[in-house]
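Enquirer:
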Amino acid sequence: MKTRLGRENPFAVAAFASPALLLFVLFVVLPMLLAAGATMTNHRLMSPEPTRYVGLDNYRRLLALNVAVVEPVRDAQGAAVRDEEGVRYPTWRQVRKDKPALEGYRPAFQIDIGESRVVLAATDPLFYRSLINTFLFAALVLPLQCGVALGLAILVNQKIRGRVFFRTVYFAPVVTSMVVASIVWAFMLNTDRGMLNELLRGLLHDPNAGPDWLGDSRYALPAIALMSAWQGAGFQMLVFLAGLQSISHELYEAATLMGANAWQRFVHVTLPGLRNTIIFVLVSTTLLAFGLFTQVDVMTSGGPLDSTTTVVYHAVRSGFKEQDVGYGSTITLVFFVIVLALSALQRMLVSKGDAK
455 MKTRLGRENP FAVAAFASPA LLLFVLFVVL PMLLAAGATM TNHRLMSPEP
505 TRYVGLDNYR RLLALNVAVV EPVRDAQGAA VRDEEGVRYP TWRQVRKDKP
555 ALEGYRPAFQ IDIGESRVVL AATDPLFYRS LINTFLFAAL VLPLQCGVAL
605 GLAILVNQKI RGRVFFRTVY FAPVVTSMVV ASIVWAFMLN TDRGMLNELL
655 RGLLHDPNAG PDWLGDSRYA LPAIALMSAW QGAGFQMLVF LAGLQSISHE
705 LYEAATLMGA NAWQRFVHVT LPGLRNTIIF VLVSTTLLAF GLFTQVDVMT
755 SGGPLDSTTT VVYHAVRSGF KEQDVGYGST ITLVFFVIVL ALSALQRMLV
805 SKGDAK
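455 is the number of the first residue of the sequence shown in the working numbering; add one for each residue after it.
(1) Rounded to a whole number of angstroms, what is the C-alpha to C-alpha distance between GLY509 and GLY780?
(2) Would you report the Cα separation of GLU811 and PHE481, rounded to the nearest angstrom?
(3) Short check: CB of THR630 to CB of GLN690, under 9 Å?
(4) At a cut of 8 Å, does the segment 519–533 reach the segment 796–805 through at least three beta carbon pairs?
(5) Below 8 Å on the Cβ atoms is my contact criterion, and I expect THR763 with ASN587 to pass it. Report the Cβ-Cβ distance as a whole number of Å.
(6) Are the segment 718–733 and the segment 662–682 touching by the rule of at least three beta carbon pairs closer than 8 Å?
(7) Leaving out the 5 sequence neighbours to the left and right, which residues in its chain are closer than 8 Å to HIS703 when beta-carbon positions are compared?
(8) Applying the criterion that 16 or more other CB atoms from any shown protein chain within 10 Å of the CB defines a buried residue, is PHE694 buried or exposed?
(9) Answer yes if the segment 737–753 comes into contact with the segment 565–572, meaning at least three C-beta pairs across the two stretches below 8 Å, and no otherwise.
(10) Among residues of its own chain, excluding the 5 on either side of ARG536, which ones have a beta-carbon nearer than 8 Å to its beta-carbon?
(11) Looking at GLY697: is its Cβ nearer than 9 Å to the Cβ of TYR624?
(12) By a C-beta neighbour count over all protein chains shown, 10 Å radius and 16 as the cutoff for buried, is GLN612 buried or exposed?
(13) Could you tell me which uninterrupted alpha helix (DSSP H) segments, each at least 4 residues in length, are contained entirely in the segment 577–647, listed from first to last along the chain?
(14) Can you tell me the Cα-Cα spacing of LEU741 and GLY756, whole angstroms?
(15) Skipping 5 residues on each side, what residues in its chain have a beta carbon closer than 7 Å to that of LEU668?
(16) Under the three-state reduction of DSSP, which class applies to THR764: helix, strand or coil?
(17) Alpha carbon to alpha carbon, how far is PRO561 from ASP760? Give it in angstroms, no decimals.
(18) Quick check: the segment 578–585 against the segment 763–774, are there 3 or more CB pairs under 8 Å?
(19) Helix, strand or coil for PRO726? Go by DSSP, reduced to three states.
(20) Kindly list the residues whose CB is nearer than 7 Å to the CB of ARG498, restricted to its own chain and excluding five residues on each side of it in sequence; keep chain order.
(21) With 16 as the cutoff for other CB atoms within 10 Å, does LYS524 come out buried or exposed?
Following this line, the structure appears as structure tokens:
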């Protein structure tokens, strides 16, 4: 009796799926298990000390938080002392001396409420700073990159001469190495001789115009977001273009016969037709934004003042540059859980949208 291997035969399914499963186990599951094991140790690269089990110490070092209410410096009458910068507060060293429980903590965030200052202190404040930078970068790059990609897709979807040329031009940054693109943009954003500042000086007729894009903590992260959106918009443009071409022209003709203008056709025909495409682009762009590393490493090395340090950069710096593999693995695993929770939340919201 002969057995034919069809699509529903379990042996055929196993044969086709086994290479992918093997690669998934080798390059995803196994490294993840090794990283999870490393989080319980003090393993360091090139260290003469043997690796030993430390339990949850790495997690305590990473996640420990404490809240301190700092009162201002007061004079003999009990009034708060003020200087040219406002109310004067004791230094963090003085605060820790008065509160021994804060030993080992450093300020991560602070907010002034009345005359009191509430300080959120952590044993690793850089982790929380990098977490905020990562989410801020995603909030900057997500609308910018997706908006530009949708606009470009609508433009190159028009029946005009040379549209293939424009598609190629807009897609070219995607195939450019991120390292090369980062180096080129670092030259373009140079304060003294960068093309962008030279352009601003020419337009404003002011030889001092143009900020220090990568040297000022206010501009460094938006500058990296701008560069990242430019480099990645071409890929999302192609995805949007495929979605646009799947929308029936009869819907546009019907909307036109009903008197809809261009904006109404975009809102009531194009956007509903691109719903699934938009969800895919938003999810994929968000995940890529969370993995920001190369641009930061090449353009700013996490500075200035850690304003561009992201979680992935912090993990790589801890694990390889500082050779603290156990702690770097802990940062990676905690961030993986955060991203997994956000993905599950995103999926739940999308499922609720489908149910409606």
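Positions of the beta carbon are idealized from the N, C-alpha and C atoms, including for glycine.
Expert: So, from the listed chains and residues:
(1) So the two alpha carbons sit approximately 11 Å from each other.
(2) Lying outside 455 to 810, the shown extent of the chain, residue 811 is not represented and no answer is given.
(3) Inclusion of THR630 and GLN690 in the CB contact set at 9 Å is not warranted, their separation being larger than that value.
(4) Pairwise C-beta distances place the segment 519–533 out of contact with the segment 796–805, as fewer than three of them are shorter than 8 Å.
(5) That pair is a contact at about 6 Å.
(6) Cβ pair count under 8 Å is below three, so no.
(7) Once the five neighbours on either side are set aside, HIS703 has no close Cβ partner at all.
(8) A residue is called buried once 16 or more other Cβ atoms fall within 10 Å of its Cβ, and PHE694 is buried on that count.
(9) Contact between the segment 565–572 and the segment 737–753 is absent, because fewer than three Cβ pairs lie under 8 Å.
(10) Hits under 8 Å: ARG542.
(11) No, these two residues do not count as a Cβ contact at 9 Å.
(12) So GLN612 ends up on the exposed side.
(13) Taking 4 residues as the minimum length, the alpha helix (DSSP H) runs contained wholly in the segment 577–647 are 579–610, 617–629 and 632–642, in order along the chain.
(14) LEU741 and GLY756: Cα-Cα distance of roughly 20 Å.
(15) Cβ neighbours of LEU668 beyond the five flanking positions: ALA640, LEU643, ALA674, ALA677, MET753 and THR754.
(16) In the structure shown, THR764 falls within a coil segment according to DSSP collapsed to helix, strand and coil.
(17) The alpha-carbon atoms of ASP760 and PRO561 are separated by roughly 14 Å.
(18) Result yes; three or more Cβ-Cβ pairs closer than 8 Å.
(19) DSSP places PRO726 in the helix class (H, G or I) of the three-state scheme.
(20) Cβ contact annotation for ARG498 (same chain, cutoff 7 Å, sequence separation greater than five): GLN777, ASP778 and VAL779, in chain order.
(21) The identity of residue 524 in the sequence shown is Val, whereas the question assumes Lys. Buried, by the Cβ-count rule.
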